[in-house]
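Only one structure is covered here, and it is reproduced in the block below.
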Amino acid sequence: MAAAGGLRRAGWRLWRARRAVVRCQQYPPLRALQASAALRAASDEHKKEPWASSSQQHFESPPAGHQPEEKPQGPHPSYTGQGGQESEDYESEEQLQHRILTAALEFVPEHGWTAEAIAEGAKTLGLSVAAAGLFHSDGSELILHFVSDCNTKLTELLKKEQKLVQLGEAEKKPIDEFLRDAVEARLRMLIPYIEKWPQALSVLLLPRNIPSSLSLLTSMIDDIWHYAGDQSTDFNWYTRRAVLTAIYNTTELVMMQDSSPGFEDTWRFLENRVADAMAMSNTATQVQSTGEAVVQGLMGAAVTIKNLAGLNQRR
Amino acid sequence: MAALRLWRWRCRALLSRPAGALRARRGLAAGPEMHFGFQTVTEEERREKIYQVFENVAKKYDVMNDSMTLGIHRVWKDILVHKMNPCPGTLLLDVAGGTGDIAFRFINYVRSVRQRQLQRKLRHHQNLSWQEIFESYQNDKFNNSLGDSQVVVCDINREMLKVGKQKAQHLGYSEGLSWVLGNAEELPFDDDKFDVYTIAFGIRNVTRIDLALQEAYRVLKPGGRFLCLEFSHVSNPLVSRLYDLYSFQVIPVLGEVIAGDWRSYQYLVESIRQFPPQEELKAMIEDAGFFKVDYENLNFGIVAIHSGFKL
């Protein structure tokens, strides 16, 4: 029993580590960029420096370390460029890609999850439209970025609620209500992009994207259960996550074709499914006890028949 | 505008020539030793020889391309433009683009993307009120079939440009196309002008590749993309042997038969062997300041597309 618990915890740690690795792999750290940082600086002070020469200086400098996504873009190690300029805000390629994708999201309702939206986003940042070539032409990175963004927002929301409960300012919700609210909050983030979301879902199912999209989905479900207070260390861990994944996916699909005002139908569907899930656990225990009872009854019947047939008598 | 650029280039060309002549008169070597195919020549000689090669082959350039590569060069160029994935409004500079293959493909691609965009807009319009449709007609330029995209074809060789212009007229490309005489090592354009810079099967003939890469970096906008399509190194031994056999035995013969010029095509094949392999070119591109430099081998490495961004 303890061994199973230890294994479960090790699995949990591995899961979390894998999530971090997936994030690392998606955005590998590279050298500092000047031209994009120059555009940002140029919005405050306009100067045109010969970036070609200064870039050659920075080629020898050590590469920027890995920046985790949540870290704000603060000042990085400064280098004196041409003419005694100092402490420009250098950023890594990963951060630039983040900025482009975030800027591209506002063009998604018009252009869809495509390279065009990314090109428009790059244009607003002052970059050339050719910067959309940094990403795949089917817009997968944009969708994955959006999904991971939403998951982060959900986690922060849940953390805030948990803090309120801990401080005693709010009451602890019963599990079904908690799950319902978490899934509803997460699905509401899709509402601005709901028209183009079916396209996004189909792109997420491409074989190339399945590993990343699957890991994002599972880590989100994991987070929800964690904040719901799940500390199971047996097979329950798997069943709970499987059930919640099913609820989430089906509700998402219902939402796609829901035309009721305020998506009422979707939330009612969600309520029913969560209630079903809760009832299912009761049903499971009932089935087990019934099963035991039935088995005992059969054993008794068998003994009675043996007695009647006179086989139990000792001669 | 093009006339002004031409004038500027001519002035620069005139000013640069006396320096070389001066060096020769002083009896010093006129520039470092370079390779011209498998021969060793000086920089000046190399430039002149390459100019002559392309002057000779200009008229039969397209025919020879088709026969040497068995028509596969069209696929390579298509792949290059697909990789570029330009959207309407892109400004392309095609250097060493003599006969305009890349430029025409770019125009076709942008036209079809623009068509799709307009169709989508019209479909969307079916849900709007009359007032909104009227306003959109006033704002959009519906008659712009290219969506403000433009391509500038730049080549050092006048003959190649002539052939290109004739081809454009013949095929009916007039909108969004301009032809400029210029040297890749010293482009007659301002800084930060272009969205995409392509050089297809041209960088091999540039004498100072690093200068050309630096110029590419200069004329690109921030966020702009550098694309280079070029013959490269084959690592697979079997394919390499067949390719060598084909290159040295068949191509010069084709050159003699079709274009009447054995030596130019011998130069072509030798220059491919002298060109730096994929990783080395990638390092050179990174040296010029480009980021996210990557290459894609086509046909086992017979041709490679290098791509870099000015970030």
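First to last, the protein sequences are chains A and B.
Going by our numbering, the first sequence opens with residue 931, and the numbers climb by one from there.
Going by our numbering, the second sequence opens with residue 175, and the numbers climb by one from there.
Backbone N, C-alpha and C fix where the C-beta goes; we use that ideal spot for every residue, glycine too.
Extent of the continuous alpha helix (DSSP H) run through residue i
{"i": "B/Gln388", "result": "383-393"}
{"i": "A/Val1059", "result": "Here A/Val1059 belongs to no alpha helix (DSSP H), and DSSP marks it neither H nor E."}
{"i": "B/Leu406", "result": "Reading off the sequence shown, one finds Ser at residue 406 of chain B, where the question assumed Leu. Counting along the chain, B/Ser406 falls outside any alpha helix (DSSP H), and DSSP gives it neither H nor E."}
{"i": "A/Glu1040", "result": "1038-1041"}
{"i": "B/Tyr439", "result": "436-448"}
{"i": "A/Ala1223", "result": "1194-1238"}
{"i": "A/Tyr1123", "result": "Where A/Tyr1123 is concerned, there is no enclosing alpha helix (DSSP H), given that its DSSP letter is neither H nor E."}
{"i": "A/His1156", "result": "1140-1158"}
{"i": "B/Tyr283", "result": "275-299"}
{"i": "B/Val249", "result": "246-258"}
{"i": "B/Ile432", "result": "Premise fails: B/Ile432 is in no alpha helix (DSSP H) and is neither H nor E."}
Classification of residue i by the beta-carbon crowding that lies within 10 angstroms, buried from 16 upward
{"i": "B/Ile476", "result": "buried"}
{"i": "A/Ser991", "result": "Reliability of the predicted coordinates at A/Ser991 is poor, the pLDDT of 40 falling under 50, and the value obtained from them is presented with this limitation in mind. Under this definition A/Ser991 is an exposed residue."}
{"i": "A/Val1225", "result": "exposed"}
{"i": "B/Tyr235", "result": "buried"}
{"i": "A/Glu1023", "result": "buried"}
{"i": "B/Arg288", "result": "buried"}
{"i": "A/Met1150", "result": "buried"}
{"i": "A/Lys1126", "result": "buried"}
{"i": "A/Ile1235", "result": "exposed"}
{"i": "B/Ala232", "result": "buried"}
{"i": "A/Met1185", "result": "buried"}
{"i": "B/Leu272", "result": "According to the sequence displayed, residue 272 of chain B carries Gly and not Leu. Result: buried."}
{"i": "A/Tyr1168", "result": "exposed"}
{"i": "B/Glu349", "result": "exposed"}
{"i": "A/Val1173", "result": "buried"}
{"i": "A/Pro1141", "result": "exposed"}
{"i": "A/Arg1244", "result": "exposed"}
{"i": "B/Phe212", "result": "exposed"}
Interface residues of chain A facing residue i [CB-CB closer than 7 angstroms]
{"i": "B/Val370", "result": "Ala1060"}
{"i": "B/Thr264", "result": "Val1059, Ala1060"}
Contact list for residue i against chain A, beta-carbon separation under 8 angstroms
{"i": "B/Arg399", "result": "Ser1058, Ala1060, Ala1061, Gly1063"}
{"i": "B/Thr214", "result": "Those within 8 angstroms of B/Thr214 in chain A number zero; the least Cβ separation is about 29 angstroms."}
Residues that residue i contacts on chain B, provided the C-beta gap is smaller than 8 angstroms
{"i": "A/Glu1194", "result": "Result: empty, since nearest Cβ-Cβ is about 24 angstroms, beyond 8 angstroms."}
{"i": "A/Glu1023", "result": "Phe465, Lys466, Leu485"}
{"i": "A/Leu1026", "result": "Leu485"}
{"i": "A/Ala1052", "result": "Gly397"}
Interface partners of residue i on chain B, CB under 9 angstroms
{"i": "A/Ala1045", "result": "Asn259, Cys261"}
{"i": "A/Ala1158", "result": "What A/Ala1158 touches in chain B: nothing, since even the nearest Cβ is about 41 angstroms away."}
The beta strand (DSSP E) enclosing residue i, as first and last residue numbers
{"i": "B/Ser353", "result": "Before going further, note that residue 353 of chain B is Trp rather than Ser in the sequence given. First-last of the beta strand (DSSP E) with B/Trp353: 351-355."}
{"i": "A/Cys1080", "result": "Taken as a continuous stretch (DSSP letters only), A/Cys1080 belongs to no beta strand (DSSP E), being part of the alpha helix (DSSP H) at 1070-1097."}
{"i": "A/Gln1161", "result": "No beta strand (DSSP E) contains A/Gln1161, which DSSP labels as neither H nor E."}
{"i": "B/Thr372", "result": "368-374"}
{"i": "B/Asp468", "result": "465-472"}
{"i": "B/Phe210", "result": "207-210"}
{"i": "B/Val380", "result": "No beta strand (DSSP E) contains B/Val380, which DSSP labels as neither H nor E."}
{"i": "B/Phe483", "result": "477-483"}
Interface partners of residue i on chain B, CB under 7 angstroms
{"i": "A/Ser1067", "result": "Asn259"}
{"i": "A/Ala1049", "result": "Cys261"}
**Asked** Does the count of Cβ pairs from the stretch 293-303 of chain B and the stretch 327-342 of chain B closer than 8 angstroms reach three?
**Response** Verdict: no, contact absent.
**Request:** Using a Cβ-Cβ cut-off of less than 7 angstroms, list which residues of the stretch 1027-1041 of chain A approach chain B; keep chain order.
**Result:** So the list is empty, because no residue satisfies the distance condition.
**Request:** Note down, in chain order, all residues in the stretch 1112-1130 of chain A with a beta-carbon under 9 angstroms from any beta-carbon belonging to chain B.
**Result:** Of all residues in the stretch 1112-1130 of chain A, none comes within less than 9 angstroms of chain B when Cβ atoms are compared.
**Request:** Mind checking the stretch 1183-1214 of chain A against chain B and listing, in chain order, the residues whose C-beta falls within less than 8 angstroms of any C-beta there?
**Result:** Against chain B - using a Cβ distance shorter than 8 angstroms - the stretch 1183-1214 of chain A contributes no residues.
**Message:** I'd like to know if the stretch 382-390 of chain B and the stretch 412-432 of chain B are in contact, where contact means that at least 3 CB-CB pairs between them fall below 8 angstroms.
**Reply:** No, the stretch 382-390 of chain B is not in contact with the stretch 412-432 of chain B.
**Item:** Inter-stretch contact (C-beta, 8 angstroms, three-pair minimum) for the stretch 424-437 of chain B and the stretch 396-409 of chain B
**Value:** The stretch 424-437 of chain B vs the stretch 396-409 of chain B: no contact.
**Request:** Mind the definition here: the stretch 1083-1095 of chain A touches the stretch 1056-1068 of chain A only if three or more C-beta pairs lie below 8 angstroms; say whether that holds.
**Result:** No, the stretch 1083-1095 of chain A does not touch the stretch 1056-1068 of chain A.
**Cβ contact check for the stretch 1039-1054 of chain A and the stretch 242-255 of chain B: 3 or more pairs under 8 angstroms** = Contact fails: fewer than three Cβ-Cβ distances are below 8 angstroms.
**Message:** If contact is defined by three or more beta carbon pairs under 8 angstroms, each pair taking one atom from either stretch, is the stretch 1104-1111 of chain A in contact with the stretch 1151-1161 of chain A?
**Reply:** Flag = yes, the stretch 1151-1161 of chain A and the stretch 1104-1111 of chain A touch.
**Asked** Is it a yes or a no for the stretch 370-379 of chain B touching the stretch 288-297 of chain B, going by three-plus beta-carbon pairs under 8 angstroms?
**Response** No, the stretch 370-379 of chain B does not touch the stretch 288-297 of chain B.
**Prompt:** Contact between the stretch 341-361 of chain B and the stretch 252-264 of chain B: three or more CB pairs below 8 angstroms?
**Reply:** As far as the Cβ criterion goes, the stretch 341-361 of chain B does not touch the stretch 252-264 of chain B, which means the pair count is below three.
**Request:** Would you check if the stretch 1046-1057 of chain A and the stretch 394-402 of chain B touch, i.e. whether three or more CB-CB distances between them fall below 8 angstroms?
**Result:** Touching, yes.
**Request:** Kindly confirm or deny that the stretch 212-230 of chain B and the stretch 432-449 of chain B touch, where touching means at least three C-beta pairs closer than 8 angstroms.
**Result:** Pairwise C-beta distances place the stretch 212-230 of chain B in contact with the stretch 432-449 of chain B, as three or more of them are shorter than 8 angstroms.
**Request:** May I ask you to verify whether the stretch 1128-1137 of chain A touches the stretch 1204-1219 of chain A, counting CB pairs closer than 8 angstroms and requiring at least 3?
**Result:** Segments in contact, no.
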